[in-house]
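J.:
Protein chains: 2
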Amino acid sequence: MGSLDPSLISGLPVFEGLAATDLDRIVGQARSLRIARDQPVFEQEQEAHSFFLLLDGHVRVVKSTPDGQEVTVRYISPGELMGIAHALGRATYPANAMAAVDCVALAWPSRLWPHFAADYPSFGANTYKVVGSRLQEAHSRVIELATEQVEQRVAHALLKLVNQAGRKTEEGILIDFPITRQNIAEMTGTTLFTVSRLLSAWEDLNLVKGGRQKVTVVAPHQLLLIAEGRARKS
Amino acid sequence: MGSLDPSLISGLPVFEGLAATDLDRIVGQARSLRIARDQPVFEQEQEAHSFFLLLDGHVRVVKSTPDGQEVTVRYISPGELMGIAHALGRATYPANAMAAVDCVALAWPSRLWPHFAADYPSFGANTYKVVGSRLQEAHSRVIELATEQVEQRVAHALLKLVNQAGRKTEEGILIDFPITRQNIAEMTGTTLFTVSRLLSAWEDLNLVKGGRQKVTVVAPHQLLLIAEGRARKS
DNA sequence: GAAATTCTTTGCGCAGGGGCAAATTCGCCA
DNA sequence: TGGCGAATTTGCCCCTGCGCAAAGAATTTC
Chain A
6 MGSLDPSLIS GLPVFEGLAA TDLDRIVGQA RSLRIARDQP VFEQEQEAHS FFLLLDGHVR
66 VVKSTPDGQE VTVRYISPGE LMGIAHALGR ATYPANAMAA VDCVALAWPS RLWPHFAADY
126 PSFGANTYKV VGSRLQEAHS RVIELATEQV EQRVAHALLK LVNQAGRKTE EGILIDFPIT
186 RQNIAEMTGT TLFTVSRLLS AWEDLNLVKG GRQKVTVVAP HQLLLIAEGR ARKS
Chain B
6 MGSLDPSLIS GLPVFEGLAA TDLDRIVGQA RSLRIARDQP VFEQEQEAHS FFLLLDGHVR
66 VVKSTPDGQE VTVRYISPGE LMGIAHALGR ATYPANAMAA VDCVALAWPS RLWPHFAADY
126 PSFGANTYKV VGSRLQEAHS RVIELATEQV EQRVAHALLK LVNQAGRKTE EGILIDFPIT
186 RQNIAEMTGT TLFTVSRLLS AWEDLNLVKG GRQKVTVVAP HQLLLIAEGR ARKS
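Have a look at this one:
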């Protein structure tokens with residue numbers, strides 16, 4: 006067990022409303038681990054032996070279809086839970102999780118999950134809230150996919166990324182981990198070609214700035230207009 | 006309060022593991038209500054005053070986008086919970102629910118929800134399982150929308166409907182409530198025109214049998230081939 | 001029973017966006 | 001520093017599936 010600063014952890018939403026001593030007991034049972042970039046945190050269909058709290062880095066959660074296509078379910082940011090299969094009533098992980106950059110996480114054996122939920126009601130309630138809000142997110146994505154054009158969806162995806170992992174630079178807001186056109190395509194249900202074309206077009210309009218495995222959003226407000234389908238159609 | 010047969014209710018998954026006396030206390034606090042066809046059960050953005058258990062009928066849950074498009078989130082069948090906004094940490098309903106046929110439901114005031122979850126742990130656990138499985142369903146739909154063609158998605162939708170609300174007839178399996186091409190389109194992110202064309206084509210192949218607000222699946226297995234993209238592409 | 005509504009079908013046109021190939025650029029590693 | 005592999009761009013083609021309009025059934029209403 007490494008030397009983790011509890012003050013960094015106690016402020017997290019997952020632990021809200023938890024007594025300090027309870028927090029200690031929970032965190033005390035975790036092991037901390039480091040995951041190198043491009044290494045899996047857990048894998049689809051594997052037995053869900055652990056659940057995790059990401060402390061640092063970014064994790065890409067991807068579902069693979071039987072025929073080999075991949076769909077990115079979400080990106081995990083620091084402070085978020087992942088691999089909580091047991092909170093969904095599953096014994097296996099529903100997706101692959103890959104470290105997008107070098108990461109640090111806490112891990113608990115899954116068998117502790119029911120005890121935590123029972124012994125520390127606010128922890129239980131908090132994690133169920135997580136599941137609830139992910140359900141709402143998922144519904145939003147269904148609606149986006151069902152009603153929006155590719156251009157809008159890609160714009161939405163960029164804005165989401167920037168809000169959740171944006172870092173200010175002098176050029177604009179940079180997505181703070183390596184991300185390929187293919188990755189963006191997997192988030193939006195399109196192809197890397199179409200994403201590339203869109204980014205090129207937006208770069209011409211000075212809305213974004215591209216780069217290898219890199220996107221910087223220059224004009225978020227304009228992008229929002231596109232995302233909402235309110236952009237002037239040239 | 007009407008005269009409801011508790012034996013019909015005690016077998017439901019939501020109440021699994023619940024002592025008979027606890028079940029009585031829960032059901033005793035419900036009011037039962039009848040909802041006429043095409044009447045709302047609850048409406049998007051309304052304060053979530055109640056949550057419901059559908060006893061009979063079918064309810065269509067639809068989300069409306071700001072620009073007026075509608076996406077069907079799911080169909081509720083007898084025995085299922087609906088309007089459980091509070092289990093998602095919401096104070097308002099996230100969608101519109103319309104009775105697809107005349108329905109009977111139980112309703113509890115939402116403020117009882119936390120008490121139920123606390124006082125009857127298996128009820129709490131069961132409902133969280135519901136949320137968990139709906140999250141998984143939602144992810145499946147995201148994947149379908151992101152990776153499958155319209156033809157596959159419509160085939161999937163029909164099979165889903167038939168599994169959840171199919172009634173055997175001499176012609177095949179009939180979807181047991183009125184459903185329009187438009188409704189199917191809203192489930193699959195396409196247009197009523199495309200759905201109509203697909204159904205016409207499938208009718209020519211004797212896979213389904215259409216009708217006004219009616220669909221009968223004649224050859225589920227063939228339809229499954231289409232749904233999985235394994236149909237011979239003529 | 002006639003009219004009005006609602007749902008469905010189908011033709012026609014076309015654009016959004018996927019697929020593929022080839023060229024190019026970038027970053028890394030030896 | 002030169003070369004290799006991965007990521008990206010772009011051109012070209014074409015097909016899926018949407019939009020619209022108009023016509024045709026099936027129901028409901030008066």
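So the sequences go chain by chain: A and B.
Everything in the first sequence is counted per this note's numbering, starting at 6 for the first residue and increasing by one.
Everything in the second sequence is counted per this note's numbering, starting at 6 for the first residue and increasing by one.
Backbone N, C-alpha and C fix where the C-beta goes; we use that ideal spot for every residue, glycine too.
Quick one: list the residues of chain B neighbouring R202/A, beta-carbon separation under 9 Å, in chain order.
T.: Stepping through the first sequence from its first residue, residue 202/A is reached at position 197. None at all; the shortest Cβ gap to chain B is about 18 Å.
J.: Check whether the region 71–88 of chain B touches the region 109–120 of chain A, counting contact only when three or more Cβ pairs, one atom from each stretch, lie closer than 8 Å.
T.: no
J.: Alpha carbon to alpha carbon, what distance is there between L163/B and D107/B?
T.: Here residue 107/B corresponds to residue number 102 of the second sequence, with the count starting at 1. Here residue 163/B corresponds to residue number 158 of the second sequence, with the count starting at 1. Cα to Cα, the separation comes out at about 22 Å.
J.: Go ahead and pull the three-state DSSP assignment for M6/B.
T.: In the second sequence, residue 6/B corresponds to position 1, counting from 1. Because the pLDDT of M6/B is 45, which lies under 50, any placement of that residue in the model is unreliable, and the number read from its coordinates should be weighed accordingly. The answer is coil: DSSP assigns M6/B none of H, G, I, E or B.
J.: For E75/A, collect the residues of the same chain with a Cβ closer than 6 Å to its Cβ; drop the 5 residues on either side in sequence, then sort them by chain order.
T.: If you number the first sequence from 1, residue 75/A lands on position 70. Result list for E75/A: V67, S69 and E191, in chain order.
J.: Listed in chain order, which residues of the region 142–171 of chain B have Cβ atoms closer than 7 Å to some Cβ of chain A?
T.: A143, H144, R146, V147, I148, L150, A151 and T152
J.: Classify S69/B as helix, strand or coil using the three-state DSSP reduction.
T.: The residue you call residue 69/B lines up with position 64 of the second sequence. The answer is strand: DSSP assigns S69/B an E or B state.
J.: Is it buried or exposed, G22/B, if we count other Cβ atoms within 10 angstroms and call 16 or more buried?
T.: Counted from its first residue, the second sequence places residue 22/B at position 17. By the neighbour-count rule (16 or more Cβ atoms within 10 Å), G22/B is not buried but exposed.
J.: DSSP on T221/A, reduced to helix/strand/coil?
T.: Reading the first sequence from its first residue, position 216 is the one you call residue 221/A. Reduced to three states, the DSSP call for T221/A is strand.
J.: Which same chain residues end up closer than 7 Å to D43/A when comparing Cβ atoms and leaving out the 5 residues on each side of it in sequence?
T.: Start at 1 with the first residue of the first sequence, and residue 43/A comes out as number 38. Result list for D43/A: M103 and A104, in chain order.
J.: Short check: CB of G94/B to CB of Y98/A, under 9 Å?
T.: Stepping through the second sequence from its first residue, residue 94/B is reached at position 89. Stepping through the first sequence from its first residue, residue 98/A is reached at position 93. For G94/B and Y98/A, no; Cβs fall outside 9 Å.
J.: In angstroms, rounded to a whole number, what distance separates the CA positions of E85/B and F20/B?
T.: The sequence position of residue 85/B within the second sequence is 80, counting from 1. The sequence position of residue 20/B within the second sequence is 15, counting from 1. Answer to the nearest angstrom: the Cα atoms are 11 Å apart.
J.: When the Cβ atoms of the region 193–201 of chain A are set against those of the region 146–162 of chain A, are three or more pairs found closer than 8 Å?
T.: The answer is yes - the region 146–162 of chain A touches the region 193–201 of chain A, with three or more Cβ pairs under 8 Å.
J.: Which residues mark the beginning and the end of the beta strand (DSSP E) in which R172/B is found?
T.: Position 167 of the second sequence, counted from the start, is the residue given in the question as residue 172/B. First-last of the beta strand (DSSP E) with R172/B: G171 to K173.
J.: Please decide whether T185/A counts as near chain B, where near means a Cβ-Cβ distance under 9 Å.
T.: In the first sequence, residue 185/A corresponds to position 180, counting from 1. Using beta-carbon distances, T185/A does not count as an interface residue toward chain B, since no partner is under 9 Å.
J.: If contact means a Cβ-Cβ distance below 7 Å, which residues of the region 91–125 of chain B contact chain A?
T.: A92, L93, G94 and P99
J.: What separation, rounded to the nearest whole angstrom, lies between the Cα atoms of A236/A and Q227/A?
T.: Position 231 of the first sequence, counted from the start, is the residue given in the question as residue 236/A. Position 222 of the first sequence, counted from the start, is the residue given in the question as residue 227/A. Distance between the alpha carbons of A236/A and Q227/A is about 8 Å.
J.: Going by DSSP, name the residue or residues bridged to A110/A.
T.: Working through the first sequence from its first residue, we reach residue 110/A at position 105. The partner list for A110/A (beta bridge, DSSP) reads L38/A and L59/A.
J.: Kindly indicate which three-state DSSP category P183/B falls into: helix, strand or coil?
T.: The sequence position of residue 183/B within the second sequence is 178, counting from 1. Correct three-state label for P183/B: coil.
J.: Output yes if chain A places a C-beta closer than 9 Å to the C-beta of G234/B; else output no.
T.: On the second sequence, residue 234/B is found 229 positions in, with the first residue counted as 1. Output row for G234/B: interface = yes.
J.: At 8 Å on the CB atoms, spell out the chain A contacts of Y80/B, in chain order.
T.: Counting from one through the second sequence, the residue named residue 80/B turns up at place 75. Here the premise fails: no neighbours, minimum Cβ distance about 14 Å.
J.: Assign L166/A to buried or exposed, taking buried as 16 or more other Cβ atoms, counted over all protein chains shown, within 10 Å of its Cβ.
T.: Walking along the first sequence from the start, residue 166/A turns up at place 161. By the neighbour-count definition (other C-beta atoms within 10 Å, threshold 16), L166/A is a buried residue.
J.: Specify whether the region 120–137 of chain A and the region 45–55 of chain A touch according to this definition: at least 3 beta carbon pairs, one from each stretch, less than 8 Å apart.
T.: no
J.: Three-state secondary structure (DSSP) at E48/B?
T.: Here residue 48/B is taken as the residue at index 43 of the second sequence, counted from 1. Annotated three-state conformation of E48/B is coil, per DSSP.
J.: List, in order along the chain, the chain A residues whose C-beta lies closer than 8 Å to that of L140/B?
T.: For the purposes of this step, residue 140/B is taken as residue 135 along the second sequence, with counting starting at 1. What L140/B touches in chain A: L93, V136, R139, L140 and A143.
J.: Could you name the residues of the same chain whose beta carbon sits closer than 6 Å to that of A25/B, not counting the 5 residues immediately before and after it, in chain order?
T.: Counted from its first residue, the second sequence places residue 25/B at position 20. Hits under 6 Å: none found.
J.: Return the residue from the list I31/B, H63/B, N188/B and I89/B that minimises the CA-CA distance to V109/B.
T.: Sequence index remark: in the second sequence, residue 109/B carries index 104 (1-based). Closest option to V109/B, Cα to Cα, is H63/B.
J.: For E52/A, does the count of other Cβ atoms within 10 angstroms reach 16, so buried, or fall short, so exposed?
T.: The residue given as residue 52/A occupies position 47 in the first sequence. It is exposed - the Cβ of E52/A has fewer than 16 other Cβ atoms within 10 Å.
J.: For R79/A, write down the residues that DSSP places opposite it in a beta bridge.
T.: Residue 79/A sits at position 74 when you count from the first residue of the first sequence. In the DSSP secondary-structure assignment, R79/A is bridged to V66/A.
J.: Figure out for me which residue from L204/A, A96/A and H91/A has the closest Cα to the Cα of T185/A.
T.: Here residue 185/A refers to the residue found at position 180 of the first sequence. Checked all of L204/A, A96/A and H91/A; the closest Cα to T185/A is L204/A.
J.: E50/B and Q157/B: beta carbons closer than 9 Å?
T.: Taking the second sequence and counting its residues from 1, one reaches residue 50/B at position 45. Taking the second sequence and counting its residues from 1, one reaches residue 157/B at position 152. Not closer than 9 Å, so no.
J.: Mind checking if Q49/A is an interface residue toward chain B, Cβ cutoff 9 Å exclusive?
T.: The sequence position of residue 49/A within the first sequence is 44, counting from 1. No, its Cβ sits nowhere closer than 9 Å to a Cβ of chain B.
J.: Could you spell out where the alpha helix (DSSP H) holding G33/A opens and where it closes?
T.: Sequence index remark: in the first sequence, residue 33/A carries index 28 (1-based). Where G33/A is concerned, the enclosing alpha helix (DSSP H) stretches over A25 to G33.
J.: Throw me the rounded Cβ distance for the V78/A and A92/A pair, which I believe falls under 8 Å.
T.: Position 73 of the first sequence, counted from the first residue, corresponds to residue 78/A. Position 87 of the first sequence, counted from the first residue, corresponds to residue 92/A. That pair is no contact at about 15 Å.
J.: How big is the Cα-Cα spacing for D209/B and G171/B?
T.: Here residue 209/B refers to the residue found at position 204 when the second sequence is read from its first residue. Here residue 171/B refers to the residue found at position 166 when the second sequence is read from its first residue. Cα-Cα distance, rounded: 22 Å.
J.: By the three-class DSSP mapping on this structure, what secondary structure does A102/B have?
T.: Stepping through the second sequence from its first residue, residue 102/B is reached at position 97. Strand, per DSSP.
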